[in-house]
Amino acid sequence: MRAPLRPRSGCLLLCLCMSVLTLILQTFWVPLEMTPDEMTGRSLEGHGFRSLALQLKDLTSRVNKLSRDRDGTRDDLSLLLQSFRKDQQGLAHLVEREIKRVSQKIEKLNHQHEQPLDTPQSQDQYKTQTESNENCKVPSDPTYPVCAEKMEFLRLHWKTDPCYAFYGVDGSTCSLLKYLSQTEDFCPPQVGLNHSPPAWHHKPLSHSEKGEIRTSLAPLYESITNISSPGLRFIRSRVQRMEQRWIHAGLSMNQRSNITVSKKLMVLLYPGTLAGSLGQRFEAMVEKGGPLGELVQWADLSASLTILGHDVTLTTSQHLLHSLIGAAPGRGSCPIQRPLTFDLIYTDYHGLAHLQGAMGIAFRHYQCRYRILDSFGTEPAFNLGSYAHTHEYKTLWGSWGLHPQQYMTMFPHTPDNSFLGFVTEEALKGEVKKEAMHSNKKGNVAVVYAKQEYMWEGKSDYVKVINEEFEIHTTVYKRPGIPSQLPSFVMNHGLLSQDNFVQLLHKAKVFVGLGFPYEGPAPIEAIAMGCAFIQPQFNPPHSSKNNNFYKGKPTTRKISSQHPYAEEFIRKPYVWTVDVNNRTEIQQAVKGILRTEVQPFTPREFTCEGMLERLQAYITHQNFCSKSLPTWPPRSVLRVLLSPLGASCADVCRHSSLTCEPALFYYLNSAAAFTSLELNCSSVEAEVSHLFPAYSPWGQQCHLQVEPLLFSCAGSDPSFRRLCPCREYTPGQVALCPGCS
Numbered sequence: 181m182r183a184p185l186r187p188r189s190g191c192l193l194l195c196l197c198m199s200v201l202t203l204i205l206q207t208f209w210v211p212l213e214m215t216p217d218e219m220t221g222r223s224l225e226g227h228g229f230r231s232l233a234l235q236l237k238d239l240t241s242r243v244n245k246l247s248r249d250r251d252g253t254r255d256d257l258s259l260l261l262q263s264f265r266k267d268q269q270g271l272a273h274l275v276e277r278e279i280k281r282v283s284q285k286i287e288k289l290n291h292q293h294e295q296p297l298d299t300p301q302s303q304d305q306y307k308t309q310t311e312s313n314e315n316c317k318v319p320s321d322p323t324y325p326v327c328a329e330k331m332e333f334l335r336l337h338w339k340t341d342p343c344y345a346f347y348g349v350d351g352s353t354c355s356l357l358k359y360l361s362q363t364e365d366f367c368p369p370q371v372g373l374n375h376s377p378p379a380w381h382h383k384p385l386s387h388s389e390k391g392e393i394r395t396s397l398a399p400l401y402e403s404i405t406n407i408s409s410p411g412l413r414f415i416r417s418r419v420q421r422m423e424q425r426w427i428h429a430g431l432s433m434n435q436r437s438n439i440t441v442s443k444k445l446m447v448l449l450y451p452g453t454l455a456g457s458l459g460q461r462f463e464a465m466v467e468k469g470g471p472l473g474e475l476v477q478w479a480d481l482s483a484s485l486t487i488l489g490h491d492v493t494l495t496t497s498q499h500l501l502h503s504l505i506g507a508a509p510g511r512g513s514c515p516i517q518r519p520l521t522f523d524l525i526y527t528d529y530h531g532l533a534h535l536q537g538a539m540g541i542a543f544r545h546y547q548c549r550y551r552i553l554d555s556f557g558t559e560p561a562f563n564l565g566s567y568a569h570t571h572e573y574k575t576l577w578g579s580w581g582l583h584p585q586q587y588m589t590m591f592p593h594t595p596d597n598s599f600l601g602f603v604t605e606e607a608l609k610g611e612v613k614k615e616a617m618h619s620n621k622k623g624n625v626a627v628v629y630a631k632q633e634y635m636w637e638g639k640s641d642y643v644k645v646i647n648e649e650f651e652i653h654t655t656v657y658k659r660p661g662i663p664s665q666l667p668s669f670v671m672n673h674g675l676l677s678q679d680n681f682v683q684l685l686h687k688a689k690v691f692v693g694l695g696f697p698y699e700g701p702a703p704i705e706a707i708a709m710g711c712a713f714i715q716p717q718f719n720p721p722h723s724s725k726n727n728n729f730y731k732g733k734p735t736t737r738k739i740s741s742q743h744p745y746a747e748e749f750i751r752k753p754y755v756w757t758v759d760v761n762n763r764t765e766i767q768q769a770v771k772g773i774l775r776t777e778v779q780p781f782t783p784r785e786f787t788c789e790g791m792l793e794r795l796q797a798y799i800t801h802q803n804f805c806s807k808s809l810p811t812w813p814p815r816s817v818l819r820v821l822l823s824p825l826g827a828s829c830a831d832v833c834r835h836s837s838l839t840c841e842p843a844l845f846y847y848l849n850s851a852a853a854f855t856s857l858e859l860n861c862s863s864v865e866a867e868v869s870h871l872f873p874a875y876s877p878w879g880q881q882c883h884l885q886v887e888p889l890l891f892s893c894a895g896s897d898p899s900f901r902r903l904c905p906c907r908e909y910t911p912g913q914v915a916l917c918p919g920c921s
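End of the sequence shown sits at 921 in our numbering; the numbers just go up one at a time, nothing left out.
This is the structure:
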């Protein structure tokens, strides 16, 4: 046990501490009158820390001498002093390094201060300062009315996105003006600088090479490289499985002399649904019974474009998307760096948002090149943002202000949009199919259209009636470790590969719809394999007003059954629409199917050749970049009809076995059109409305359209009789018409 310190030892320790503190203060104190030159010129080794070390050494020897006779305190004092010296030496080295670094900075500043003004560096600095103070003033030019406003915005926000610094903005007035005149186009060109338009305005090199029908899909396979993605793996697998059918259809199409050959185009396919965090969630569902209709359409679109001879790039990477379109580094506040190299960009609503976020103001400049895969359609009233907002048509999915025909649908249910479609997967063709059908005769088997158990809710009694005559099979996803809630009479195969699913359909006579999913490709493929399709009727029809699925979607359509296209265009004996709560009606449909030998049937528009000729027509004739009147379809196919009060043009044309053609509205938007229908106009007014051109019997008022983007086949109102542009359509190919090529 150590003895406590005696009074003499305590005084000695106090003296030691005071001495050390004084030395530290003397070492680090720099007199106020000392100049920076004097401070940086001092010898750190000879004056400061070396002196401190010597004095500490002397102090140590004296303390040791005084404390030799104090055995109880000598060890304590020595250890204390040694520890203190180690701490002090570490601090000394640290301070020495810091002072050296500061002195080097001061020397550099002194050097720059003494540098002559005629050196290039000083001239540039002086020039920049002079320009900022004298030449770089915000111009007042009536042709650039928002220049001053943009300057103030950029002055406050240029640090919020790295893309501004990438383009040379440093906060000075000159850099702001240069950016707003050369990179964007909100300010007039500066004197002495390049007067050419911004780089992204320049036209890329035009393509003179014509697109020729390909006999291989190898170029597409080279583009689909990320096979770790379940979505892309599905797309590639479907294309490979149908490759020979695509090649055969292309050769058949090439032999016909009436097909217009178009230029080879650079085409980007960007399924935004498969990109980013949303893509991860979507792809996680692909192998658990999630929706595959969109992937079917992407696969068939990519194959069609490749067969037609165009150069296709397909990606689901947002990073690669930015590189492909030349986006500036940052968060998308700036325009792209160069002209857009793609003639067409096919994407979806999610991809459209990604493009806008990457392209800045260039997004609108190139909007005529976008094509949006939109399964359920977007009506004009929802498409124009300002109109949708003021007329209560604003939803999450609309308001992009594109031409309505730039939206491409799964089925031809919305004439305002373009029907893109897909191809039914017929596994067997010709004589091979007949032999297979003969050797593998269909039994009394019904396959229920459902991949998730929730789709069966409330439908067990309906399926049980069908089970009186048919053995019930289904392909519902089996959740690991969770007992199935399906009825005991149902044979569940779980999720099947497409080949195995096709084999199951070839054994079945009936494909049974439960009411959901709406308007998918599976019923069309089942009918193509010789099945009858039985589906629920919706009374009242489903719409955004009474159905959560359609709520918020940019359409006013009323869905009368699970698959309106099959009900309207294919009909019996292939399609049977029933009231699922009416046992007698279900039984009658089942007996009708048993009495009928249903042959495989595919509408032409869902064959490879039908999709190729439809897509070729769109690429050749649809030009949304032109400001002139549309020339396709030609005016010669126009049939003008006047609707009853409250009816839409889509309904009026369909009831006359025609289809509404929105491109022909231009020819009805004049007073002469009312005269040709023998309508007397007390007044003719031009307004912005998705209902016009239209006639109001009350007061005999005639209304014309001001905004062409609001020409709408879907619009209807009890107060108006619509002027409707109808046309004939080719049987089995509603998008085309006789005399339209």
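Just so it is clear, CB atoms sit at the ideal spot from N, CA and C, and this is done for glycine as well.
In this structure Leu848 does not touch Val868 by the C-beta definition: roughly 17 Å separates them, more than the 8 Å allowed.
In this structure, Pro595 keeps its C-beta atom at 9 Å or more from the C-beta atom of Ile707.
If you compare the alpha carbons of Lys807, Ala874 and Ser863 with that of Leu857, the shortest gap goes to Ala874. The shortest C-alpha to C-alpha distance from Val682 to any of Leu472, Val692, Ala702 and Gln665 is the one to Ala702.
Under the three-state reduction of DSSP, Arg902 is assigned to strand. Here Asn680 is exposed: its Cβ has fewer than 16 other Cβ atoms, across all protein chains shown, within 10 Å. One thing to note: Gly710 has its Cβ no nearer than 9 Å to the Cβ of Val760.
Take the alpha-carbon of Arg549 and the one of Glu648: they are about 54 Å apart. The segment 775-793 makes contact with the segment 907-918; the number of CB pairs closer than 8 Å reaches 3 or more. Rounded to the nearest angstrom, the gap between the Cα atoms of Cys833 and Asp897 is 16 Å. Val628 sits in a strand when the DSSP states are folded into three classes.
A Cβ-Cβ contact shorter than 9 Å links Ala538 with Ala507.
The residue from Val770, Leu582 and Thr855 with its alpha-carbon nearest to that of Glu887 is Leu582.
Boundaries of the beta strand (DSSP E) around Phe691: Val690 to Gly693. Excluding its 5 nearest sequence neighbours in each direction, Lys644 has C-beta neighbours in its own chain below 8 Å: Pro667 and Phe669, listed in chain order. By the criterion of a C-beta distance shorter than 8 Å, Gln585 is surrounded in its chain by Asp596, Asn597, Ser598, Gln802, Phe804, Pro842 and Ala843, once the five residues flanking it on both sides are discounted. In the DSSP assignment, His801 falls within the alpha helix (DSSP H) that extends over Cys788 to His801.
Note that the C-beta distance between Ile427 and Leu397 is below 9 Å. Along the segment 846-895, the alpha helix (DSSP H) occurs as fully enclosed runs of 4 or more residues at 851-856, listed in sequence order.
In this structure the segment 731-745 lies against the segment 552-563, because at least three pairs of beta carbons, one per stretch, are closer than 8 Å.
Between Ala568 and Gly623, the C-beta gap is not smaller than 9 Å, which leaves the two residues out of contact. One alpha carbon belongs to Ala464, the other to Ala853, and they sit about 54 Å apart. Across the set Phe333, Phe872 and Pro399, the C-alpha of Phe872 shows the shortest separation from the C-alpha of Phe900. For the options Ser876, Gly348 and Gly790, the alpha carbon positioned closest to that of Gly601 is the one of Gly790.
Within the same chain, Cβ atoms closer than 6 Å to the Cβ of Arg416 are found at Ile404, the five residues on either side in sequence being excluded. With contacts defined by Cβ atoms closer than 9 Å, Tyr629 and Gly693 form a contacting pair. Close CB contacts of Phe650 within its chain, under the 8 Å cut and outside five residues either way in sequence, are with Asn624, Val625, Ala626, Lys689, Val690 and Val770 (chain order). In the DSSP assignment, Tyr526 falls within the unbroken beta strand (DSSP E) covering Leu524 to Thr527. Scanning its chain for C-beta atoms nearer than 6 Å, with the 5 sequence neighbours on each side dropped, one finds around Asn406 the residues Leu412, in chain order. Sequence-distant partners of Gln885 (beyond 5 residues in either direction) whose C-beta falls short of 8 Å from its own C-beta, in its chain, are Phe845, Asn849, Ala866, Glu867, Val868, Ser869, Phe872, Pro873 and Phe891.
Counting only the Cα atoms, Pro918 lies some 43 Å from Ile516. Comparing C-alpha distances from Gly638 to each of Pro660, Ile652, Leu576 and Gln665 shows the shortest one belongs to Gln665. Counting C-beta atoms within 10 angstroms of its own C-beta, Gly700 has 16 or more neighbours from the protein chains shown and is therefore classed as buried. Here the C-alpha atom of Gly512 lies approximately 43 Å from the C-alpha atom of Ser740.
Taking Ser497 as reference, the option from Leu481, Cys367 and Ala455 with the minimal CA-CA separation is Ala455.
Arg763 is positioned such that its CB atom lies no closer than 9 Å to that of Ser823.
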